[in-house]
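Below is one structure, written out as structure tokens, with a few remarks after it.
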Amino acid sequence: MYLPYSYTKLAGAALRMTIGSAPTAAARPSRLSGVGRALGLQIALGSCAALIALAAALAPARVLAQGVRSDRTTYRPGIDVLDYHFRIDFPARPPIGAINVTAEIALRRTAPVDTLVLDLLAPMQVSDVSVNSAPARFTRDSSTVRIALPGGSGDSLAVALRYRGAPADGLVIRTDSAGRWTAFGDNYPDRARHWLATVDHPSDKATVSWDVRAPLGSRVVANGDLIEESPETAPAGATPMVLTRWRTNRPIYTAVMVIGVAPFAVFELGASACSLSEFPGCVRQSVWVAPETRSTLPGAFARAGDIVAFFARLVAPFPYEKLAHVMSATRYGGMENAGAIFYADGIFRRNAMSESLIAHETAHQWFGDAVTETEWPHVWLSEGFATYFAALWTEFSQGESAFVAEMKRSRDQLVKTPLTASEPIVRAAVPDLGKLLNSNVYGKAGYTLHMLRGEIGDSAFFRGLRSYYLKYRHGNALTADLQRELEASSGAKLDWFFEQWLYRPGFAELTVSWRYDEARRAMSITVGQSERFQPYRLTMPIEITTASGRVIRTSVHVNASRVSTQPLTVPLDGPPRTVSFDPDASLLATISAK
Ligand SMILES: [Zn+2]
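With the sequence shown counted from 1, adding 1 to any position gets you my numbering.
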């Protein structure tokens, strides 16, 4: 989701957000065209034979087999949900409070557990439970339904529940500013349990089908493919209803399983990223809004097709059936529900949508949705990637100068943020999910990816990201899984890098000085590091303007010690005119010259 780190409270963040257009100047060409060459890909928005071949080679088995699953989670061990089928019945007339839900759950039992524990909060009244079509015993407490299972292991089970209630959260039911009732799922991070009986944890991904019955006049958007939209014949005097069905073909996690019900106007963005989808053909995109805001479209969504195509070429084919962009009641600025991104309604009403926000949420379709962190402390694998990929879109679409300016703004903010100095990106545990999201998992994590790219180079960095993505897509991953893929792509050990940037708080506080040795006609660089943090091992770019006016770019390796001095091997024609340290904000560091 989109939650700039300058905003500390989740609720209402969207109302305070100022999402403006990014700078437009493109003084330098994008380095990403170089990335494309390094990968052997055609990055310019055009054809991409290499990826088409790759998609064809990789598509079937892994995708349909639910990807690589991690057994490293401790949440509900022995249970692996494969599929949810929810039927949601809304009442015909307002006030829309209680909903009736039927949940059919197909699961695999991977160990001899005798109880299925589903998350579902107390306002939901459970009436019937069955296992393999036979009535089943269950007990209820304020947060779970515990269902007795027949003896067995390594088997598949079909569990069904019926329940009813008015969700306090998770499914946000409200009237909009025009007095029309609407309902929007907003599950992140663990709020699905307010209305959906699930194993409510990112480590257990499953396909989901939705059958939603709502008053005619509403339309329903959800994850996956639209299967059916059928008005029902109503008896005289009754409110006519419409049944809408959606279904996913890919497993997703509970926080990104949603429906949106409202009197939508739908703006078709058309097809893009053709042959860059896991599904045949192109990626279809649309924008679902309140009718009175339709005139603002497409606005920033005019580039939505290019954004999907760019990420698909850079990473892998788009992972879902379609991509809907939805004006909604989410508490976040944007929420990356799989195949159906929800945005705060205020952004549409102020006509303040930005390409940066669209790029962030779109990048999540790959990172966060298709590859999901196994455990919450690794949430940077979602937010850090979305943050950095939005910056990569800036780099691609606006050029190097705009990208560097974006990274500098991020760096300048991060070094002033107390949390950067006090907590690592990956925490040992996140006992309070209300504190899951912070500037570390967004900005500092995005910066860490930027530094990784600088450390191992564009080619190894993007090849490593691609192999990480393809290995874990439609499954789960941990930080160590990413490290392994990047070490394989670069041939370098990166434990020191991951340790200093992800598992330790802080940033580099550097004091730099240089000396020119007349006899050698070369410089040496001395770097001091503050006592505040453990010293960092760094590669620092340096730009030197020589006595004759020539500009030389080089770099110096800084040891993880309080003071290190390194000779520069670049021959010079005299004492340098100027020396600039880290001119393009490659490092999360403060640098002062001595
Ligand atoms: Zn996000």
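For every residue, glycine included, the Cβ atom is placed at its ideal position computed from N, Cα and C.
8 Å CB neighbourhood of G300 in its chain, flanking five on each side removed: N352 and M354
What do you reckon, is the C-beta of A387 under 7 Å from a heavy atom of ligand 1? yes
When burial is assigned at 16 or more other CB atoms within 10 Å of the CB, is L450 buried or exposed? buried
Does the region 227-241 come close enough to the region 250-267 that 3 or more CB-CB pairs lie under 8 Å? no
Suppose you measure from the CA of T395 to the CA of G153; what does that come to, to the nearest Å? 53 Å
Distance between L158 and Y164 (C-alpha atoms, nearest Å): 20 Å
Counting Cβ pairs closer than 8 Å, one from the region 511-527 and one from the region 416-426, do we hit at least three? no
With a cut-off of 8 Å on the beta carbons, I'd call G447 and S411 a contact; round off their distance for me. 7 Å
Would the beta-carbon of N224 fall within 8 Å of that of V209? yes
Between the alpha carbons of N188 and A478, how many angstroms are there, rounded? 21 Å
Report the partner residues of T176 according to the DSSP bridge assignment. W182
So, with DSSP's three-state summary, where would you put V309? helix
Can you give me the start and stop residues for the beta strand (DSSP E) that L663 sits inside? Because the chain in this structure spans residues 2 to 595, residue 663 falls outside the shown range and cannot be described.
List the DSSP bridge partners of N101. D90 and R165
May I ask which residues mark the beginning and end of the beta strand (DSSP E) holding I426? I426 -> no beta strand (DSSP E), and no H or E assigned at all.
Quick check on the DSSP output: the alpha helix (DSSP H) that includes Q535 runs from which residue to which? Note, Q535: premise wrong, no alpha helix (DSSP H); not H, not E.
May I have a chain-ordered list of the beta strand (DSSP E) segments no shorter than 3 residues that lie completely inside the region 420-492? 476-478
Proximity below 8 Å, CB of L150 to CB of V130: no
Among the residues of its own chain, which have a CB less than 6 Å from the CB of S587, if the five just before and after it don't count? G455 and P542
Could you tell me if A481 is buried or exposed, where buried requires 16 or more neighbouring beta carbons within 10 angstroms of its beta carbon? exposed
Would you list the one or two residues that DSSP bridges to Q399? Answer is none; Q399 lacks a bridge partner.
Name the residue from W377, E322 and I308 whose alpha carbon lies nearest to the alpha carbon of L358. I308
Backbone secondary structure at D496 - three-state DSSP: helix
Excluding the five sequence neighbours on either side, which residues of its own chain have a C-beta within less than 6 Å of the C-beta of Q484, listed in chain order? L495 and F499
So is D370 buried or exposed if we call it buried at 16+ other beta carbons inside 10 Å? buried
How big is the Cα-Cα spacing for A193 and D201? 7 Å
Note down the Cα distance separating V323 from G166, rounded to an integer number of angstroms. One point to set straight first is that residue 323 is Lys, not Val, in the sequence displayed. Answer to the nearest angstrom: the Cα atoms are 31 Å apart.
Where H326 falls: helix, strand or coil (DSSP): strand
At 3 residues or longer, and completely inside the region 124-168: list those beta strand (DSSP E) runs for me, N to C. 126-132, 139-141, 145-149 and 157-166
Taking the alpha helix (DSSP H) that S357 falls in, what are its first and last residues? E356 to H365
CB-CB length for G261 against V290, believed under 8 Å: At roughly 11 Å, the Cβ-Cβ gap does not stay under 8 Å, so G261 and V290 are not in contact.
Reference I100; option with closest CA among M336, T249 and V173: V173
My output table needs one value for E384: the three-state DSSP class, helix, strand or coil. helix
Just how far apart, CA to CA, sit P432 and L217? 43 Å
From Y321, F312 and T294, residue whose alpha carbon lies closest to that of S329: T294
Look at the alpha carbon of A107 and the alpha carbon of A169, and state the distance between them as a whole number of angstroms. 27 Å
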